[in-house]
Every structure is written in structure tokens, then in C-alpha cells.
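Q: Supplied in C-alpha cells, the structure appears directly below.
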Amino acid sequence: HFLSGLDVSESASPGERFSLPNAVDPDVGINTIKTYKLSVSDHFTIEIQTGSDGTQYVDLVLAKSLDREETAVHNLILTAVDGGVPVRSGTANIIVHVQDTNDNPPRFDKQTYTINMTENSPLGTLVMKLNATDLDEGLNSEIVYSFTLYTSEKTQDVFALNPNTGEITVKGTVDYEDMKFYEMHIEARDKGTHPLLGQCKVVVHVTDMNDNFPEITIQSVKNTVDENIPVGSVIALVGISDRDTGDNGKAIIYNINIMENSPI
10 HFLSGLDVSE SASPGERFSL PNAVDPDVGI NTIKTYKLSV SDHFTIEIQT GSDGTQYVDL
70 VLAKSLDREE TAVHNLILTA VDGGVPVRSG TANIIVHVQD TNDNPPRFDK QTYTINMTEN
130 SPLGTLVMKL NATDLDEGLN SEIVYSFTLY TSEKTQDVFA LNPNTGEITV KGTVDYEDMK
190 FYEMHIEARD KGTHPLLGQC KVVVHVTDMN DNFPEITIQS VKNTVDENIP VGSVIALVGI
250 SDRDTGDNGK AIIYNINIME NSPI
């Protein structure tokens with residue numbers, strides 16, 4: 010009984026051959042090794058060749074493409090059988106370790122993430138944490154996050170993206186009156202020799218806060234007023250505006266203080 014390990018890249022092509030250790034039988038003639046057999050496998054088979062001296066050599070042949078993410082280890086049993094009577098045999102466990110190649114890109118669980126946040130959120134506020142996954146292993150599965158060129162400089166001035174953790178935080182002023190929503194286009198790139206990447210979009214909708222005072226403007230219609238001007242004549246226009254929205258932007262005149270005994 011013998012144990013042998015073999016490393017095979019998952020990018021190996023069907024038909025590739027891998028030499029296996031030969032069995033040794035001290036007997037001679039018909040009692041020596043006659044053939045080899047391999048346990049049932051969808052991915053591997055064997056080919057036996059006979060040297061000029063009659064010695065048999067066995068190669069492991071890849072019959073079907075490998076996928077490490079599906080099966081990382083293949084356990085095979087190679088049996089050597091002699092030609093004697095009674096037949097005697099010996100076995101070797103062949104453990105095939107499938108070596109990873111960078112054949113899986115990072116993936117986000119959504120193509121678009123929608124976030125609602127209030128304006129004037131403090132610096133450092135966590136907007137969200139992205140979590141892309143990669144089925145590969147080692148450097149092929151380690152991910153770096155970054156903004157793509159489709160993310161405006163203005164957006165990048167307001168939000169920061171941690172390249173290692175995928176955390177998006179506030180680093181500038183979030184002002185509803187300036188921008189009502191932001192779009193971030195983000196890519197996750199692995200660290201493989203030939204990197205693969207995945208992309209997503211993050212849309213942040215800004216919620217208005219009542220952070221603006223009503224503004225009053227007065228426009229005079231008449232610079233001077235005749236003493237016999239009719240009652241009800243318009244002498245000035247008062248305008249009120251508020252940059253906020255909804256009820257926050259509805260300006261109401263509650264009171265106007267007018268001097269006592271004033272004709273207005």
C-alpha cells in the first residue's frame with residue numbers, strides 16, 4: 010500500500026499526462042506485474058506503456074476538465090496486478106490536489122444598491138459596507154474596491170471608499186439643496202496575476218432636513234405715497250421663500266408688526 014500526492018492545475022487541458030510511480034514486484038516471468046487498474050473516476054484514466062525490457066509504466070491522463078471550486082481534491086486508487094496464480098495485487102492511493110487558477114471574477118449580490126440618508130450627516134458616517142465574493146482562493150480571491158471613471162469627482166469629494174473593506178463613508182458635506190442623489194460606480198478587482206473584476210452601482214438618495222431659514226424680500230411698488238391714496242392700494246410686495254422642500258419649505262407669515270396708528 011502506497012500513498013502519492015499530485016498537484017494538477019484546474020486549467021490543465023484534457024489529454025494531459027502525469028507520471029505515476031511504478032509498482033515493484035520481486036518475482037519474475039509470469040509472476041511479475043501484468044497490468045494496472047484505476048478506481049472509477051469521471052476526470053481521470055490511465056494509460057500503460059511497456060518498455061523495451063518489458064517493464065510497464067503507467068501515466069495518469071486527464072479525461073475531463075477540472076474545477077477546483079467544484080472538487081478541490083480527487084482521491085484515486087491505483088492497483089497493480091501480477092500474472093501469477095493466485096493473483097496478487099498492491100494498491101497506491103493517488104491524491105490529486107487541484108491547484109486554483111483565477112477563473113472566477115468577484116461578484117456582488119446586487120447590481121444596484123439603493124440607500125437613503127439624511128443631509129448634513131456627520132463626517133465618518135457609514136453609508137454601507139460592500140461585500141463582493143470570489144470563489145477562487147489565495148490572492149485570486151483577495152479583493153480591492155475602487156470607484157470607476159463613471160463616478161463623478163463631486164461624488165468622490167463627498168464619499169470615501171475603503172479599498173480593503175468596501176466601506177463607504179461620508180467625507181464631505183451632504184446637502185440636499187446641492188444634490189438630491191448621488192451615484193457611485195464601484196468595481197471589485199481580485200489580486201490574481203491576470204485580475205478579474207465585478208462592478209455594481211450605489212445610489213444614495215438624500216433626505217431633506219429643515220436646515221434653511223425662510224427668506225423675506227420686499228419690493229416697493231411706490232416710492233412715495235400720496236396723502237389721498239385710496240384705501241386698499243398696493244404700496245409694496247412681500248415675498249417669502251425657503252430652500253427646503255415639502256412642509257420644511259412652506260413659509261407662512263404668522264405676524265407683521267405694524268406701528269400703532271399706522272394707516273397701513
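In case it helps, the working numbering puts the sequence shown at residues 10 to 273. The C-beta atom is built at its ideal place from N, Cα and C for all residues, glycine as well.
Tell me where the alpha helix (DSSP H) around residue 164 begins and ends.
A: Sequence index remark: in the sequence shown, residue 164 carries index 155 (1-based). Per DSSP, residue 164 belongs to the alpha helix (DSSP H) from 162 to 167.
Q: Spatial neighbours of residue 159 within its chain, please: C-beta separation below 7 Å, excluding the five flanking residues on both sides.
A: Position 150 of the sequence shown holds residue 159. The residues are 194.
Q: Does the distance from the CB of residue 50 to the CB of residue 75 come in under 8 Å?
A: Stepping through the sequence shown from its first residue, residue 50 is reached at position 41. Stepping through the sequence shown from its first residue, residue 75 is reached at position 66. No, Cβ-Cβ distance for residue 50 and residue 75 is not below 8 Å.
Q: With the cut-off set at 8 Å, would you say residue 22 and residue 108 are in Cβ contact?
A: Taking the first residue of the sequence shown as position 1, residue 22 is located at position 13. Taking the first residue of the sequence shown as position 1, residue 108 is located at position 99. Not closer than 8 Å, so no.
Q: From the DSSP output, in three-state form, read off residue 84 for me.
A: Taking the first residue of the sequence shown as 1, we reach residue 84 at position 75. Reduced to three states, the DSSP call for residue 84 is strand.
Q: Hey, which unbroken runs of the beta strand (DSSP E) at 3 residues or more fall wholly within the segment 63 to 124?
A: Listed in chain order, the complete beta strand (DSSP E) runs (minimum 3 residues) inside the segment 63 to 124 are 65 to 71, 82 to 91 and 98 to 108.
Q: Over what stretch of residues does the beta strand (DSSP E) that includes residue 206 continue unbroken?
A: Along the sequence shown, read from residue 1 onward, the residue named residue 206 stands at position 197. Residues 206 to 216.
Q: Reducing DSSP to helix, strand and coil, say where residue 242 ends up.
A: By 1-based counting over the sequence shown, the position of residue 242 is 233. Three-state result, residue 242: coil.
Q: Using the Cβ count rule (16 or more neighbours within 10 Å means buried), how would you classify residue 172?
A: Counted from its first residue, the sequence shown places residue 172 at position 163. Exposed is the call here.
Q: First and last residue of the beta strand (DSSP E) that includes residue 8?
A: Shown here, the chain extends from 10 to 273; a query on residue 8 therefore has no answer.
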